[in-house]
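The C-terminal position of the sequence shown is numbered 207 in the working numbering, with every residue numbered one higher than the one before it.
All remarks here apply to the structure that follows.
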Amino acid sequence: ALIRLLSFIMMVVVVLGVASGQLTSFLERRHEFAVLNALGMKSRQIIGLVMLEALMVGVGGAIAAIAMGCPVAYLLATKGVDFSSMMGDINIGNVLVDPHIYGVFGPWLFAYAFAVSMSATIVSSIYPAWFAARVDPAAELRPV
């Protein structure tokens with residue numbers, strides 16, 4: 064339960080980080096979205112454009128995360144982490160606790176990591192896409 068809680072907290076942090084990056088990207092290109100809107104691009108097309116960009120960033124991030132994380136997960140699953148030098152032999156309630164901790168690794172890990180990465184990216188880009196669709200071209204293209 065603790066691992067799931069920590070995973071959930073990490074996912075919230077990741078979603079907020081990606082949303083911040085997407086929103087910053089939109090704010091830097093607000094003028095471009097106003098031009099697209101003034102040229103006749105519909106709001107749903109602008110949302111689709113921002114979501115497609117987020118999808119491509121998510122695929123790239125997922126591939127990079129899998130490429131960097133899978134060797135570490137494989138080593139954790141095969142070699143484990145040895146805490147025997149710090150713990151010695153420890154028992155809790157007459158149950159001997161193994162000082163070696165092993166992770167799990169399997170083919171499901173690739174699909175899981177890809178799905179989590181993609182869903183976090185898509186969810187976090189909904190608000191910036193909605194914000195981009197609501198740009199007022201008249202106010203944005205007015206000279207300062």
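Where a beta carbon is used, it is the ideal one built from N, C-alpha and C, also for glycine.
Note that the structure is a prediction, hence the values are computed from the model and not measured.
Measure the Cβ-Cβ separation of residue i and residue j and say whether it is below 9 Å.
{"i": "Phe89", "j": "Phe194", "result": "yes"}
{"i": "Pro191", "j": "Ala82", "result": "yes"}
{"i": "Gly169", "j": "Leu139", "result": "no"}
{"i": "Thr184", "j": "Gly124", "result": "yes"}
Determine the closest residue to residue i out of the options, with distance taken between C-alpha atoms.
{"i": "Met114", "options": "Val160, Ser188, Ala196 and Arg197", "result": "Ser188"}
{"i": "Ser180", "options": "Gln108, Val120, Cys133 and Gly103", "result": "Val120"}
{"i": "Ala127", "options": "Ile72, Val75, Leu65 and Phe177", "result": "Phe177"}
{"i": "Ala196", "options": "Val78, Gly84 and His94", "result": "His94"}
{"i": "Trp171", "options": "Ile164, Ile129 and Ser182", "result": "Ile129"}
Just checking my contact of residue i with residue j at CB under 8 Å: how many whole Å lie between their CB atoms?
{"i": "Val198", "j": "Ala117", "result": "Not confirmed; about 17 Å, so no contact."}
{"i": "Val186", "j": "Val78", "result": "6 Å"}
For a test of the three-state rule: what should DSSP assign to residue i, helix, strand or coil?
{"i": "Val160", "result": "strand"}
{"i": "Val198", "result": "coil"}
{"i": "Val144", "result": "strand"}
{"i": "Phe173", "result": "helix"}
{"i": "Arg205", "result": "coil"}
{"i": "Leu188", "result": "The residue you asked about is not Leu; residue 188 is Ser in the sequence shown. Coil at Ser188, not helix or strand."}
{"i": "Val167", "result": "coil"}
{"i": "Leu65", "result": "helix"}
{"i": "Met104", "result": "coil"}
{"i": "Arg93", "result": "helix"}
Does the segment 190 to 205 come within contact of the segment 133 to 144, defined as at least 3 CB pairs closer than 8 Å?
no
Under 8 Å, with one C-beta from each stretch per pair, do the segment 96 to 111 and the segment 124 to 135 reach the 3-pair mark?
no
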